[in-house]
Amino acid sequence: MTATLASAAASTGSPLWFLTRSTALVAFVLLTVALLVGLFATRRTAGVPRFASQALHRNTTLLALGFVVVHVATTVLDGYVPVGWAAAVLPFTSAYRTTWVAAGTVAFDLAVLLTVTSLARARIGLRLWRGVHWLAYALWPLALVHYLGAGTDARTAWGRWLAVAAAVAVAGAVAVRVAAAVSAASQAPARRAERGAPVRAAGR
Ligand code: HEM
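If you're matching positions, the sequence shown starts at 1 in my numbering and goes up one per residue.
See the structure below:
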């Protein structure tokens with residue numbers, strides 16, 4: 001019964017409504033790729049120079065944001081569900097799936113904040129930029145919650161598999177990143193001592 005309703009919902013609607021759903025899925029995939037690349041863009045990974053991974057991170061994020069803008073605009077313009085312009089930026093203002101859409105709204109607000117602060121990084125300074133950029137770790141789970149709660153295609157088997165694959169990839173990448181940070185922190189005193197030894201010897 002649930003499967004029948006899901007497939008009925010997935011096969012009805014105007015071209016704008018299909019655009020809403022397809023741009024949503026592309027945005028979600030791009031956002032996932034941007035996060036995965038971003039997790040490793042701070043260091044030289046598997047022979048990829050830092051400038052290349054950072055450029056890929058920046059471009060996939062900007063592309064994802066572009067798809068989110070089209071996703072939101074087509075949702076509102078289509079009118080298939082009662083979602084107004086306010087819901088694009090103000091959480092809990094959508095009459096349709098209020099909480100699930102609110103998760104998308106906060107994710108969108110965060111995506112704009114992260115993009116603007118990244119483009120202004122030279123002006124605002126590295127410290128503030130880095131502080132704000134930690135919010136990226138909240139953005140992706142919010143987008144996932146929004147996808148699973150609000151999405152029509154998320155109710156299909158392939159829609160759920162897409163979410164599972166993305167979640168496994170992100171969880172794995174975060175684990176690798178945390179392990180690398182812990183190992184770097186534990187080796188830091190030894191490396192400092194190595195670098196410091198000749199200086200102290202010369203000073204004697
Ligand atoms: C970073 C921000 C966002 C991302 C990555 C995103 C992504 C997604 C995804 C992947 C879906 C599921 C599509 C499906 O299963 O068919 C979806 C559904 C939806 N989104 Fe967003 N979204 C975002 C922001 C927003 C905002 C701000 C709004 C409010 C205007 C919104 C409104 C909706 C609606 C109404 C649906 C349900 C469409 C359906 O029934 O399939 N989204 N979104």
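From the three backbone atoms N, C-alpha and C, an ideal C-beta is built for every residue, glycine too.
- A distance below 7 Å separates the beta carbons of T32 and A166.
- As the crow flies, the alpha-carbon of V83 is around 8 Å from that of T93.
- The shortest C-alpha to C-alpha distance from T99 to any of L119, A136, G149 is the one to G149.
- V182 sits in a helix when the DSSP states are folded into three classes.
- Within 10 angstroms of the beta-carbon of F28 lie 16 or more other beta-carbons, which makes it buried.
- Of all alpha-carbon atoms in V70, L139, A41, the one lying nearest the alpha-carbon of V26 is that of V70.
- The Cβ atoms of Y96 and G13 do not sit closer than 7 Å to each other.
- Distances from the alpha-carbon of P91 to those of D78, V116, L142 put L142 closest.
- Secondary structure at V89: helix, using DSSP grouped into helix, strand and coil.
- Secondary structure of V170 (DSSP, three-state): helix.
- When Cβ pairs closer than 8 Å are counted between the two stretches, the stretch 35-54 is seen to touch the stretch 167-180, the count reaching three or more.
- Annotated three-state conformation of V81 is coil, per DSSP.
- The stretch 149-158 makes no contact with the stretch 120-135; the number of CB pairs closer than 8 Å stays below 3.
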